[in-house]
Each structure stands twice: as structure tokens, then as C-alpha cells.
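Novice: First to last, the sequence lines map onto chains F and H.
Going by full-length UniProt numbering, the first residue of the first sequence is number 1, and it counts up by one from there.
Going by full-length UniProt numbering, the first residue of the second sequence is number 1, and it counts up by one from there.
Number of protein chains: 2
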Amino acid sequence: MYTNILRHPGPTPIPKKVQLAMSEDIISHRSEEFVNLYRKTTNRVKPIFGTEQDILLLPSGGTAALEAAAVNTVSPGENVVVITVGAFGDYFVSICEKYGFNVHKLEKEWGQACTEEELGEFLKPLKDVKAVFATYNETSTGILNPIDKLAQAVRTYSDALFIVDGVSCIGGAPAEMNKWGIDILVTGSQKAMMLPPGLSFVSVSDRAWKVIEENNTPAYYLNLLSYREWAAKGMTPNTPAVTLIYGLAAVCDMIEEEGGFAQTVARHELMKNMVRESMKALNIGLLASDEYASPTITAIRTPEGLDLAQFLKHLKQQYHLDFAGGLGHLQGEIFRFGHMGYCFPSDVLQAVSLMEAGLQDFSYSFELGAGVKAAQEVFLAAHRK
Amino acid sequence: MYTNILRHPGPTPIPKKVQLAMSEDIISHRSEEFVNLYRKTTNRVKPIFGTEQDILLLPSGGTAALEAAAVNTVSPGENVVVITVGAFGDYFVSICEKYGFNVHKLEKEWGQACTEEELGEFLKPLKDVKAVFATYNETSTGILNPIDKLAQAVRTYSDALFIVDGVSCIGGAPAEMNKWGIDILVTGSQKAMMLPPGLSFVSVSDRAWKVIEENNTPAYYLNLLSYREWAAKGMTPNTPAVTLIYGLAAVCDMIEEEGGFAQTVARHELMKNMVRESMKALNIGLLASDEYASPTITAIRTPEGLDLAQFLKHLKQQYHLDFAGGLGHLQGEIFRFGHMGYCFPSDVLQAVSLMEAGLQDFSYSFELGAGVKAAQEVFLAAHRK
Chain F
1 MYTNILRHPG PTPIPKKVQL AMSEDIISHR SEEFVNLYRK TTNRVKPIFG TEQDILLLPS
61 GGTAALEAAA VNTVSPGENV VVITVGAFGD YFVSICEKYG FNVHKLEKEW GQACTEEELG
121 EFLKPLKDVK AVFATYNETS TGILNPIDKL AQAVRTYSDA LFIVDGVSCI GGAPAEMNKW
181 GIDILVTGSQ KAMMLPPGLS FVSVSDRAWK VIEENNTPAY YLNLLSYREW AAKGMTPNTP
241 AVTLIYGLAA VCDMIEEEGG FAQTVARHEL MKNMVRESMK ALNIGLLASD EYASPTITAI
301 RTPEGLDLAQ FLKHLKQQYH LDFAGGLGHL QGEIFRFGHM GYCFPSDVLQ AVSLMEAGLQ
361 DFSYSFELGA GVKAAQEVFL AAHRK
Chain H
1 MYTNILRHPG PTPIPKKVQL AMSEDIISHR SEEFVNLYRK TTNRVKPIFG TEQDILLLPS
61 GGTAALEAAA VNTVSPGENV VVITVGAFGD YFVSICEKYG FNVHKLEKEW GQACTEEELG
121 EFLKPLKDVK AVFATYNETS TGILNPIDKL AQAVRTYSDA LFIVDGVSCI GGAPAEMNKW
181 GIDILVTGSQ KAMMLPPGLS FVSVSDRAWK VIEENNTPAY YLNLLSYREW AAKGMTPNTP
241 AVTLIYGLAA VCDMIEEEGG FAQTVARHEL MKNMVRESMK ALNIGLLASD EYASPTITAI
301 RTPEGLDLAQ FLKHLKQQYH LDFAGGLGHL QGEIFRFGHM GYCFPSDVLQ AVSLMEAGLQ
361 DFSYSFELGA GVKAAQEVFL AAHRK
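This is the structure in C-alpha cells:
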């Protein structure tokens, strides 16, 4: 009867408009209708990536697209740097190790970002680095790496390609891949893009295409040259996820209705601030500092004295509010409040209200309404601007 | 205004029930709800494969699943036999060549099937064949290879694994993978399975798992061991295509409503016979012989004297009937009538009727209604049984 209020880092809720769009009749992927849909829709995604380059659509999860970025650019034995600040950075390390790359791991404590200076120092002594991999938004810790500055450091201290995992923030965070100097930017459908899982997005700089052309890629489905070749014809090498592309067109409509992508980014920034201020007002810790806090997901420390597993279970069973737990060694230490994609400031107010109800049930010491009030203040201030 | 009558070999039309099921709210892929959905649904798919083994669900197109079957079992330089009777057999050859396998190609003329005897003769002189790859249903020619007999030949003449591409027929053709001796059977969602593209299915025999365990697979997303490990927990290694799994549950309901999978197979057999008899009555050639004709797609020769491209264009523009053209050197020679998945005998009657209207417009010499009548006779005979 009650709707589960899914405030996870993904998959995230799907707008009704998108669901309806996805119910459109199937068309052939080799038809003129498809070519029109594909061209028009991928063009509309370009501003979200901050590029004029093609947006390639892979019928796969984000992991496959990350693997494609790696395997199309680097060969076994070559040097790569992987910046890892959490579970998904480690994921990238595993992909690179699987392919026998010589991985130099720039590892930060979970909850920290990687700074431009740190990356610069790390790169300086290294030679012949083929690619630097970074996570833009680390889903496990709610850290948004300063990706524009990291790109700068890559360009200053190496000739490497800069390859960025944008899975859990693209569509909700600013991205200027060309201006910043990102060579390959990857995202998935099921996070800030408001779509079900099953579609991934890859955009590749001219510089990276040159490397890819010379690289002997040991992959078939994930061969980016083949995607580029077909994209020139407005198609994909294999059967594409047609329904998700219908949905993507609806997502682009919704972003347009919101007033353009800058507004969408501003909404995410606002939601982030609302969540953070409410937690501060409740005297509950935040894993990330304000400077590097993610606009799409907030990692919140266990409220003092609470059994986190019990608390999360109670919120779900009693109030149908569904937060995600911590990953790896942060399990039991933090929980994660997803506020991306089809999520609005009103949803943040709702979630904080319900969370306060749960805190009251668990006899946490606070003034009922204090968190909501802090969020309201941020909300009102934004509207008054 | 008019609905496009999509009679392609895939992607194929989606039932409304499936569309509605896919509109269900998104759940976390790490939740108990998901585990229940995954376990229950994959168990219901087992009879369609003719197995009690796990059905692994990959969030990808069928090509990726075929690549997974290859890359998880064979290492570069090892011998494989690829049976190719058309474009999709050639596709499998490309995958194997991409990975540096030593490919022995058993090639048949397009429109022919591969027989048990031919495979036996081909295998006899070969040594150390790691795997034999075959297409069950060749989409480009409408040929259904005698896969049960081919499996027998593989077992008789080699120790190789028998790996089968069932993409364009599983769900509409009989499959007894364990009884017949298929080691890996693969299919995709967008053909006879009545789902949108984006989900693929893989089932692996115990014998094949042993090979996979010892094989050093150079793939991350397509690593089947990782799918097996997570499947044991009722989950998938990466974010699964949750909405397509909702849809899959609805597909299983529909098959149950039809009276079980044997009835679904019988419906496809009936549609095949209706199409074939109608074309014979119209004096239009068929590429495949009756013995090896596909239950899901019929390749029809260009009616005498017609410009095929013009004819197909006319059918689509005038009557909204959408057939697929021929591939490769068969372009202009044949067209392909898809009758799989969400397609019923009544749809065949409709399509043949409209096709006859088009034939009349193109002054093809025939008795109007003759094709439909032949299809009706097959239809009635089946109902009188």
C-alpha cells in the first residue's frame, strides 16, 4: 500500500513521464525513425557532458562503460594512475588490474577527496603514464573530487589521458568535459539521469580517439571504434536499448522544462545543502567536508548511541523511508542519503521529517523539527535569491 | 495515428502487461525484495532453456552474452570450431577472431543448415578443439539448425564444449539444453522473450563451469564466475536491469496463461506453418527448406518481377506493415517476416492479408486471398486437433 521512498544512490526512482515514454511501441534499430531519435536525443545530452563530441550509448551498465574506457585506451603492462577515494575507485583499480595494466594507486582515506597538489606530486616522478583514472563522485563516501582541478594537474604533469567515472553524478553535477580537459567521461542511466539501469553513456575527446585508434583493443561488445563508426550513421553496432532511449528523450524534455541543465545542477546543489544543514542542526556528523561534498549523495555518520542497522530497518519498516547503508569498512559507521535525479527539495523535507520521527523512536536527543527547519531555511533562502 | 505493424526479427513488440510491469517502482538491487524477484523469476525461466541450472541475467545485449560465453571458456591460440550458416554465425566468427582463437570455420551456403554428418566429418580430423560454437536460429536466413543432433556430433567426435547462440529463437523454439548436451546457451530479451532490448540470459553446464574455473578470462563485466557467485546470493555483480526483470516476471506469467511453455512453442510452430503455406499458395519462394525452417522468422524470396526495396517501402507506407530486408548478399533477394514473441496466428493472418494488398498494388499475378486462405487452413487444422 505505502510507496517505498527510495533515497538510495541508485538505481533511483523513475519519473512517470519517463515510464510512459518507455511504453512507446518498439521500432527497428535500423529504421529512419531510430536514426532520428538517436541523433536528436544524443545531441540533447551533450550539454550535460559539456561537450560537442558524440555521446555514445552502450546497452549496458556503467561498469561496462568504464571497462570500455580502460580497455580501449590502455594495453597490458602500460602504466596507469588510478585515484581512489572509496569503493568505486577501488572498482576501477580492479578493472585495470584484470587487464594487466601497471597500476599506480593514489589512495586517499575514505571520506577524503584527492587534491590537485596531491595528484601533481604523485604524477611528477612517474614516466609514460598512459591514463589517469578518477571517480568524479565517489558513491561510497559522498565525495565529489575536484575533477576540473585534477584535469589541470594531469595536463600539467603528464601526457596521460584523463578518464573519469561520472556514473553517480553526471546529470546532477556540473560537467565541462572539454573545457576542463577530460578525455573520456562515462556515466550510467540509473543515477542522476532518472532512467532505469541498462544504458551507459560515453564521450571521447579527439585526443583520446587518436590513442584508441592505435590501441589493439581486446574487446568486441565494448569496442568504442565500432560505436563511433555506427554513431556516424545515427545507429549503434548492436541492438540498442530502444526503450531507454525513448526514456532519455523524456528526461531531456524534463530538464528543458526545469529551465535547462544549469537549473538541474542548482537543484542538486540546493538539495545537498538542505541535507547537510539539517544533519548539522540535528548534531549528526557528515563524512565529507563542505568543500568536497557530493551534490547527489550524502554520507551521514551514525547518530550517537544508535544501532545503525536497527535504525535503518526501522525507518524502512515503519516509515517506508529507504536509505542505503555504508559499504566496506564504513558499514555500520555511515548511511547514505541519495538526492539525485528524480528528487526534489520537497523530497528532502519529507525524508528529513521521517528520519526525525525515527530518531525520536530511538530516543535520540534532539529537538523535534530542528532538522527540517534548517532544511527549510536553506530552501527559502534559495527561493528568495 | 496508425500503429506500425512490426514484423521484424527483433526488437519485437512488447505486450502491454510487460510494459505495465516494467513501470513498477524501482527497488534497490541489494534488497530482500530484489533477491526474491531474482530467484523466483530466474527459476521460472529454466523450463524455457530446458535446464535446472542457474539462469544468469546480464544487463547487456545478446552480443555481450555471446562474447561472455567465448571469452570465459577459451584462451587465445586455442582451437575452436564455429558453424556459420549466415550473418550471425559470421558474427560469432568475428568475436572468436577478435580474441585470437584459432578458428576452424564450418561454413554453409546461406539458406542451408548444418547437418550432424557434416559436423562429424569436420570434427573428425581436428584435435584439441576447446569449443564448438553454433547458431541455433540464424536470423539472417530463417534457418533453424538441428541443434540437438549437432550436440550429439560434438559429444561423439570431440571433448569440446558446445556453445549455442539462441538469441533469435529461445522462448519460441524447443530447448532441452541438458538433455541435448548444450554446455552454454545464450539468449537476449528483445526477440522471442517479448521484452525490450537490454537483458541477456546465459545458462552454463557443470562441465562448462569446470572449464571456466580454469580459464583466465580477460574480462570484467562479462566475467561469468562473478555472475555465478552473486547469483548464489540471488543478486548480480553490478546494477541489474531491474525493470526488465519486472518485465520478465510478466512474460513468465503470460507463458503460464498460455498453458505452459510447450503451448508457446506450438504457437510458434503454427505461425511458421501458416506463413510458409501462404507463401507457397502465392507462388513465392522460401529460402529455407521445410526441414530446417525457423519457428520465429521466415526468409521469403522476392516475389517474381518485383522491386523488393520498393515493395517493402510501399507495405510500410501504405499499410503500416513493417518487414525486415535481407542482410549481406541477400539484400534485395529476400525479406524477413518475424513471427516470434508477442505475435499470434491472428497477426500472421493480418500480415499476409496486407502483403497480398501490396502484391495487388504491384500487379503481381495471383488470386487475391489465396495466401490468407492457405494460412487459415493451417490455422483451422491446428485448432481441430
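All C-beta atoms in this analysis are idealised placements derived from N, C-alpha and C, irrespective of residue type, glycine included.
Quantities reported herein were computed from a predicted structural model and do not represent experimental measurements.
1. Using a Cβ-Cβ cutoff of less than 6 Å, which residues in the same chain neighbour L185(F) once the five nearest sequence positions on both sides are dropped?
2. Report, in whole angstroms, the separation of the C-beta atoms of N79(F) and K130(F), which I expect to be a contact under 8 Å.
3. Output the boundary residues of the beta strand (DSSP E) element that contains S200(H).
4. Which same chain residues end up closer than 8 Å to E52(H) when comparing Cβ atoms and leaving out the 5 residues on each side of it in sequence?
5. Which whole-angstrom value is the C-beta distance of H320(F) and I5(F), which I expect to be below 8 Å?
6. Where does Y105(H) sit, in a helix, a strand or coil, going by DSSP?
7. To the nearest angstrom, how far is it from the Cα of E24(H) to the Cα of A299(F)?
8. Which residue from D54(H), I297(H), G111(H), M274(H) puts its Cα closest to that of L380(H)?
9. To which residues of the same chain is F133(F) closer than 6 Å at the C-beta, ignoring the five residues directly before and after it?
10. Helix, strand or coil, according to DSSP, for G371(H) in the structure here?
11. Answer yes if the segment 320-340 of chain F comes into contact with the segment 361-371 of chain F, meaning at least three C-beta pairs across the two stretches below 8 Å, and no otherwise.
12. Please work out which residues of its chain come closer than 7 Å, Cβ to Cβ, to V251(F), disregarding the five sequence neighbours upstream and downstream, and give them in chain order.
13. Are the C-beta atoms of I14(H) and some chain F residue less than 8 Å apart?
14. Would you call the segment 276-292 of chain F in contact with the segment 133-152 of chain F, where contact means no fewer than 3 C-beta pairs closer than 8 Å?
15. Could you pull the start and end residues of the beta strand (DSSP E) that T187(F) belongs to?
16. Suppose you measure from the CA of S294(H) to the CA of F335(H); what does that come to, to the nearest Å?
17. Residues of the segment 220-249 of chain H in Cβ contact with chain F at a cutoff of 7 Å, in chain order, please.
18. Straight-line CA distance for E377(H) to L354(H)?
19. Hey, T12(H) and G341(H): beta-carbon distance below 8 Å or not?
20. According to the neighbour-count rule (16 or more other Cβ atoms, all chains shown, within 10 Å of its Cβ), is D183(F) buried or exposed?
21. With DSSP as the reference, identify every bridge partner of A299(H), one or two as the case may be.
22. Roughly how many angstroms lie between the CA atoms of W110(F) and S94(F), to the nearest whole one?
23. By Cβ distance below 7 Å, which residues in the same chain neighbour A231(H) in space, the five residues on each side in sequence not counted?
24. For the segment 207-277 of chain F, list the alpha helix (DSSP H) runs that are entirely contained and at least 4 residues long, ordered along the chain.
25. Applying a beta-carbon distance threshold of less than 9 Å, which residues of chain F neighbour E256(H)?
26. With N178(H) as the anchor, note down where its beta strand (DSSP E) starts and where it stops.
27. Based on the DSSP output, what are the partners of D322(F) in its beta bridges?
28. So, with DSSP's three-state summary, where would you put K135(F)?
29. What does S168(F) touch in chain H if you count any residue whose Cβ is under 9 Å from its own?
30. At least one CB of chain H closer than 8 Å to the CB of K98(F): is that the case?
31. For S60(F), which of helix, strand or coil comes out of DSSP?
32. Any idea what DSSP makes of F162(F), helix, strand or coil?
33. Of all Cβ atoms in chain F, is any one closer than 8 Å to the Cβ of I55(H)?
34. Please confirm whether Y99(F) and K98(H) have their CB atoms less than 8 Å apart.
35. Quick one: is H8(H) near chain F, going by C-beta distance under 8 Å?
36. Does the CB of A64(F) have a neighbour CB from chain H at under 8 Å?
Specialist: According to the structure data:
1. So the qualifying residues of the chain are F49, V164, G166, M177, S203.
2. About 6 Å separates the two Cβ atoms, so the contact holds.
3. 200-204
4. K46, N178
5. 5 Å
6. As written in the sequence, residue 105(H) is Lys, which differs from the Tyr given in the question. Residue state, collapsed to three classes: strand.
7. Straight-line Cα distance between these residues: approximately 28 Å.
8. Residue M274(H) is the option with its Cα nearest to L380(H).
9. Cβ neighbours of F133(F) beyond the five flanking positions: V82, F92, I163.
10. helix
11. no
12. V18, M193, M194, L195
13. Using a Cβ-Cβ cut-off of 8 Å, I14(H) counts as an interface residue toward chain F, since at least one Cβ of chain F sits closer than that to its own.
14. Touching, yes.
15. 184-188
16. 14 Å
17. Listed by position, the residues of the segment 220-249 of chain H near chain F (Cβ gap below 7 Å) are Y220, Y221, N238, T239, P240, A241, V242, T243, L244.
18. 18 Å
19. Yes; because the gap between Cβ atoms is below 8 Å, this pair is in contact.
20. D183(F) comes out buried.
21. R336(H)
22. C-alpha separation (whole angstroms): 17 Å.
23. Result list for A231(H): D54, L56, in chain order.
24. 224-231, 242-258
25. Among the residues of chain F, none has a CB under 9 Å from the CB of E256(H); the nearest is roughly 23 Å distant.
26. Unbroken run through N178(H) is the alpha helix (DSSP H), 177-180; no beta strand (DSSP E).
27. L6(F)
28. Per the sequence presented here, residue 135(F) reads as Thr, with Lys not at that position. T135(F): strand per DSSP, three-state reduction.
29. None at all; the shortest Cβ gap to chain H is about 11 Å.
30. yes
31. Here S60(F) sits in strand by DSSP.
32. strand
33. no
34. no
35. yes
36. yes
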